[in-house]
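This report concerns only the one structure given below.
Numbering (my numbering), first residue to last: 229 to 411.
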C-alpha cells in the first residue's frame with residue numbers, strides 16, 4: 229500500500245510517510261480517538277489527519293477486502309445453505325441478516341437524510357452471517373429516493389455484485405432470514 233499512499237515532498241514541506249499514514253489510520257480505528265487528539269499526538273493538522281484517515285482506510289479496504297472478506301461463490305452459498313439445514317433444520321437458507329445504525333456527523337447539505345428514529349444521524353450497515361454466525365457479507369443500506377426527490381425511509385439493497393450474483397445465479401428457492409423491521 230505504501231507506493232499508492234506515497235506523496236511527493238516539496239520545498240515547503242515534507243509529506244506524510246506511508247508508514248505514518250497507516251499508523252494514524254490504525255490508531256484511529258483501534259482507539260476511536262478524535263481528530264483533535266490525533267493531531268496533537270502526531271503533530272499534524274486536523275484537516276491533514278482527516279484526509280489521511282479517509283484515504284488510508286479506503287485504500288486498506290480496497291486492498292484487503294478480497295483477502296479477508298471475499299464475496300462467497302455460488303458453491304460457498306450452497307455450502308452455507310447445507311450447513312443451515314444441518315445445524316438449524318432450515319432448508320435453502322443463505323444467511324441471517326441484521327442491520328446496525330452507525331452514528332455519524334451530519335454530512336454537509338444532507339438535511340435529515342441520515343436522521344433516524346433514535347434521534348441522531350446514522351448510516352445503516354447490513355451484515356449477513358452463515359449458520360455458524362460468521363460474517364460473510366457487509367452492505368451499506370441506502371435510502372430510496374422518490375420521484376419528487378423526497379427520501380423514503382425504506383431501506384433498499386444497493387446494486388451490489390453480491391446481490392446481483394444471488395439473483396442471477398441462485399434459484400428463487402433460497403431465502404435470507406431477516407429481522408422484523410424489514411418489509
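All C-beta atoms, glycine included, are put in the ideal place defined by N, C-alpha and C.
**residue 305 burial status per 10 Å Cβ neighbour count (16 or more: buried)** = Here residue 305 refers to the residue found at position 77 when the chain shown is read from its first residue. Result: buried.
**Item:** Residue closest to residue 326, alpha-carbon to alpha-carbon, out of 401, 356, 365 and 368
**Value:** Walking along the chain shown from the start, residue 326 turns up at place 98. For residue 326, the nearest C-alpha among the options comes from 356.
**Message:** Going by DSSP in three states, residue 301 sits in which element: helix, strand or coil?
**Reply:** As a working note, residue 301 is residue 73 in the chain shown. In the structure shown, residue 301 sits in coil (DSSP, three-state: anything other than H, G, I, E or B).
**Asked** Taking three-plus beta-carbon pairs below 8 Å as touching, is the segment 309 to 322 in contact with the segment 274 to 285?
**Response** Output reads no: the segment 274 to 285 does not touch the segment 309 to 322.
**Status (buried if at least 16 other CB within 10 Å, exposed otherwise) for residue 241** = As a working note, residue 241 is residue 13 in the chain shown. Burial call: exposed.
**Asked** How long is the line joining the alpha carbons of residue 243 and residue 329, rounded to whole angstroms?
**Response** Working through the chain shown from its first residue, we reach residue 243 at position 15. Working through the chain shown from its first residue, we reach residue 329 at position 101. Each residue's alpha carbon lies about 36 Å from the other.
**Prompt:** Apart from the five residues just before and just after residue 332, which ones in its own chain have a Cβ nearer than 7 Å to its Cβ?
**Reply:** Stepping through the chain shown from its first residue, residue 332 is reached at position 104. Sequence-distant Cβ neighbours of residue 332 in its own chain, meaning closer than 7 Å and more than five residues away, are 342, 349, 350 and 351.
**Prompt:** Taking three-plus beta-carbon pairs below 8 Å as touching, is the segment 290 to 299 in contact with the segment 259 to 272?
**Reply:** Because the criterion of three Cβ pairs below 8 Å is not met, the segment 290 to 299 and the segment 259 to 272 do not touch.
**Message:** Please state the DSSP three-state secondary structure of residue 241.
**Reply:** In the chain shown, residue 241 corresponds to position 13, counting from 1. Residue state, collapsed to three classes: coil.
**Asked** Within this structure, are the beta carbons of residue 281 and residue 256 separated by less than 8 Å?
**Response** By 1-based counting over the chain shown, the position of residue 281 is 53. By 1-based counting over the chain shown, the position of residue 256 is 28. Cβ distance < 8 Å, so residue 281 and residue 256 count as in contact.
**Asked** Roughly how many angstroms lie between the CA atoms of residue 237 and residue 401, to the nearest whole one?
**Response** Locating residue 237 in the chain shown gives position 9, counting from the first residue. Locating residue 401 in the chain shown gives position 173, counting from the first residue. When the Cα atoms are used, residue 237 and residue 401 turn out to be separated by approximately 58 Å.
**Asked** If residue 322 sits next to residue 308, beta carbons under 8 Å apart, how far is it from one beta carbon to the other, in whole angstroms?
**Response** Along the chain shown, read from residue 1 onward, the residue named residue 322 stands at position 94. Along the chain shown, read from residue 1 onward, the residue named residue 308 stands at position 80. With 8 Å as the limit, residue 322 and residue 308 qualify as a contact, their Cβ atoms being about 6 Å apart.
**Asked** What residue range is occupied by the uninterrupted beta strand (DSSP E) comprising residue 361?
**Response** Within the chain shown, the letter at position 133 stands for residue 361. That residue, residue 361, is in no beta strand (DSSP E); it is neither H nor E in DSSP.
**Message:** Please tell me whether residue 403 and residue 320 are closer than 8 Å, where the distance is taken between their beta carbons.
**Reply:** Reading the chain shown from its first residue, position 175 is the one you call residue 403. Reading the chain shown from its first residue, position 92 is the one you call residue 320. Going by C-beta atoms, residue 403 is nearer than 8 Å to residue 320.
**Request:** Take the Cβ of residue 235 as the centre, count every other Cβ of all protein chains shown within 10 Å, and call the residue buried at 16 or more, exposed below.
**Result:** For the purposes of this step, residue 235 is taken as the residue at position 7 of the chain shown. Flag for residue 235 reads exposed.
**Request:** Drop a sphere of 10 angstroms on the beta-carbon of residue 365, count the other beta-carbons inside from all chains shown, and report buried for 16 or more, exposed for fewer.
**Result:** The residue you call residue 365 lines up with position 137 of the chain shown. With at least 16 other beta carbons inside 10 angstroms of its own, residue 365 counts as buried.
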